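*Asks:*
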Amino acid sequence: ALLAAANAAGWRLMAQATQTPQANAANRIQWRFELTSAQPPSQGAGANLADRLQRSAQDATQQLLEVRGEPAPPALVQTACAVRWSELGLLAELAQHPEAARQPMSYLLAQMRVALNRELPPPGLLFAASDPANPELGGFWTAEQFQTQPLADRLEQFIVQQLEAGSVAAETLAESAYAAFPGWQTPDAALLTACLASYGQPDGDLLRLRDEDLSQQRRDDQAAILRLLASLGRRLGYEVWLAAASAQLIPDLPPSSEQDRLGLADWTPANVVWHNQGEPAFAFAVVTQASLLPWLAAPSDALAACPRYVALPGGRAGLLDFKLRRCPPWRTRLAWTGWEFVKYRHLRDLAGQTSLGLAGFRARIGLDPIVTLPGQQLALFEMEPQGDADDA
């Protein structure tokens, strides 16, 4: 309504920033529109206004999802449609259209419902319910295929880079983040807060990178977990394959006798694989951030039949859990791709059990889940806090 009125009064939209909460629709949405004077709209409405509104709404939704690289709540999708209509001058035609002039907002909403039918979505788009068992709770528009790294992952990496450069005021860091992710990339405040809490440590009036997240410390931690997994795999009777980049972190570790003849491509994105005569039995990826992009893709045929785990620091557990609660379609996607997340600490505890055998490892590896995905049963054991600090 605001954009339609502005168009009719001779104002043109120059820029926008929309901050839409993803995890809790009850939180407020903030719109910021920058307008400038423009030529008055031309008299008369063009032909096929309804068709043009519908096609441009679908195009705007596709572009929004491509830019963000992640599912979007309906409120943000509706904003993208309204902005696209304003940019194309379609809102200025409403007053000249016999049906739209009488009830312009009802007319626009009707075109949006036709263009973005949740039961029969346009090609390349899907509507994913937040809770498939209770679809009335709402959901997210999502693309069938994402080619862009998710906004949540990009923001996390940006925060790490900024804190690595030195201590900074939280407000200054937030302003830098909004400047780095303008327009449709504007992150929700809760995501920004979660990233700051995961990596930042108070330093007087400033924030600095947590000691355990300093680059050398993280490389040492990653190398220690790679070494642990290699040792534990051999202890349990497996040959151990290490990706080339991982092997460089622990050059003193003797290579597997089969390492040279095993290919790399089929087993990515895992960087440690326990195998028996070339048949994978367990696959592990050892990471330091809560990025989700690699684990949302379908596993390769070579790894599809074996259990797959992503090992990450305990300090990332809270951020990972937040990302998945913020975007429920990702939880469903992970349940399908089969990657599970374990903390460094849990692997250390398992490796420290001198009597641990293969059966015990299989039974205990999943007893400290960072997140519980759809279709998984909660383990009936006392677990560590989700956001615990590292003990490396």
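The numbering of the sequence shown is our numbering, which starts it at 610 and goes up by one.
Idealized CB from N, CA, C, for every residue including glycine.
Since this is a predicted model, take the numbers as computed values, not measurements.
Does the distance from the C-beta atom of A911 to that of W939 stay below 7 Å?
*Replies:* No, the Cβ-Cβ distance between A911 and W939 is not below 7 Å.
*Asks:* If you draw a straight line from the C-alpha of A914 to the C-alpha of R971, how long is it?
*Replies:* Whole-angstrom Cα-Cα distance: 15 Å.
*Asks:* DSSP three-state label for S646, please.
*Replies:* If DSSP states are grouped into helix, strand and coil, S646 belongs with the strands.
*Asks:* How long is the line joining the alpha carbons of V951 and I768, rounded to whole angstroms?
*Replies:* So the two alpha carbons sit approximately 23 Å from each other.
*Asks:* How about L815 and V777: are their beta carbons less than 7 Å apart?
*Replies:* Contact: yes.
*Asks:* Mapping DSSP to helix, strand and coil, what is N885?
*Replies:* Strand at N885.
*Asks:* When you compare each of L760, L644, P680, A689 to S739 by their alpha carbons, which one comes out closest?
*Replies:* Of the listed residues, the one whose Cα sits closest to S739 is P680.
*Asks:* Reducing DSSP to helix, strand and coil, say where P811 ends up.
*Replies:* P811: strand per DSSP, three-state reduction.
*Asks:* Whole alpha helix (DSSP H) runs in the region 731-777 with 4 or more residues, listed along the chain?
*Replies:* Counting only runs of 4 or more, we get 760-773.
*Asks:* Considering just the uninterrupted stretch of the alpha helix (DSSP H) at Q671, what are its terminal residues?
*Replies:* Segment 658-677, the alpha helix (DSSP H) holding Q671.
*Asks:* Are the CB atoms of T795 and A626 nearer to each other than 7 Å?
*Replies:* Taking 7 Å as the Cβ cut-off, T795 and A626 qualify as a contacting pair.
*Asks:* Taking the alpha-carbon positions, what's the L612 to Q766 distance?
*Replies:* The alpha-carbon atoms of L612 and Q766 are separated by roughly 35 Å.
*Asks:* Applying the 10 Å Cβ sphere with the 16-neighbour rule, what's the burial state of R711?
*Replies:* Burial call: exposed.
*Asks:* Starting from R817, follow its DSSP beta bridges and name the residues at the other end.
*Replies:* R817 pairs with Q810.
*Asks:* If you pair each beta-carbon of the region 723-731 with each one of the region 778-787, do three or more pairs fall below 8 Å?
*Replies:* They do not touch, by the three-pair rule.
*Asks:* Cα separation between L851 and Q758?
*Replies:* Between L851 and Q758, the C-alpha separation is close to 25 Å.
*Asks:* Using 10 angstroms around the beta-carbon of L624, count the other beta-carbons present and answer buried if the total reaches 16, otherwise exposed.
*Replies:* This sequence places Ala at residue 624; Leu is not what is there. Per the 10 Å Cβ criterion, exposed.
*Asks:* On the CB-based measure, 16 or more other CB atoms within 10 Å of its CB, does Q663 come out buried or exposed?
*Replies:* With 16 or more other Cβ atoms within 10 Å, it is buried.
*Asks:* Using DSSP with H/G/I as helix, E/B as strand and the rest coil, what is V896?
*Replies:* Here V896 sits in coil by DSSP.
*Asks:* Among the residues of its own chain, which have a CB less than 6 Å from the CB of W640, if the five just before and after it don't count?
*Replies:* Excluding sequence neighbours, W640 sits near T627.
*Asks:* For L873, which residues in the same chain have their Cβ closer than 7 Å to its Cβ, ignoring the five residues on either side in sequence?
*Replies:* Since pLDDT at L873 reaches only 48, below the 50 mark, its modelled position is unreliable, and the value read off the structure follows with that caveat. Once the five neighbours on either side are set aside, the close Cβ partners of L873 are A852, A853.
*Asks:* With burial defined as no fewer than 16 other Cβ atoms inside 10 Å of the residue's Cβ, what is the status of L622: buried or exposed?
*Replies:* It counts as buried.
*Asks:* In the DSSP assignment, find the unbroken alpha helix (DSSP H) run with A790 in it and report its ends.
*Replies:* For the record, residue 790 in the displayed sequence is Phe; it is not Ala. Per DSSP, F790 belongs to no alpha helix (DSSP H) and is neither H nor E.
*Asks:* Strictly by DSSP, which residues pair up with R641?
*Replies:* According to DSSP, which records beta bridges pairwise, R641 is partnered with A626.
*Asks:* So Y847 and A890 are in contact, right, with Cβ under 8 Å, and what is the actual spacing, rounded?
*Replies:* That belief holds up - the Cβ atoms of Y847 and A890 are roughly 6 Å apart, short of 8 Å.
*Asks:* S695: buried (16+ other C-beta within 10 angstroms of its C-beta) or exposed?
*Replies:* Buried.
*Asks:* What is the residue span of the alpha helix (DSSP H) that L685 lies within?
*Replies:* Start and end: 683-696.
*Asks:* Can you tell me whether A920 is helix, strand or coil according to DSSP?
*Replies:* A920: strand per DSSP, three-state reduction.
*Asks:* Can you name the start and end residues of the beta strand (DSSP E) that L851 belongs to?
*Replies:* Unbroken beta strand (DSSP E) run through L851: 848-851.
*Asks:* DSSP beta-bridge partners for V723?
*Replies:* Its beta-bridge partners do not exist; DSSP assigns none.
*Asks:* What does a CB cutoff of less than 7 Å around R661 pick up in its chain, not counting 5 residues either side in sequence?
*Replies:* Cβ within range, chain order: L699.
*Asks:* So T941 and W904 are supposed to be a Cβ contact under 8 Å. How far apart are they, rounded?
*Replies:* At roughly 13 Å, the Cβ-Cβ gap does not stay under 8 Å, so T941 and W904 are not in contact.
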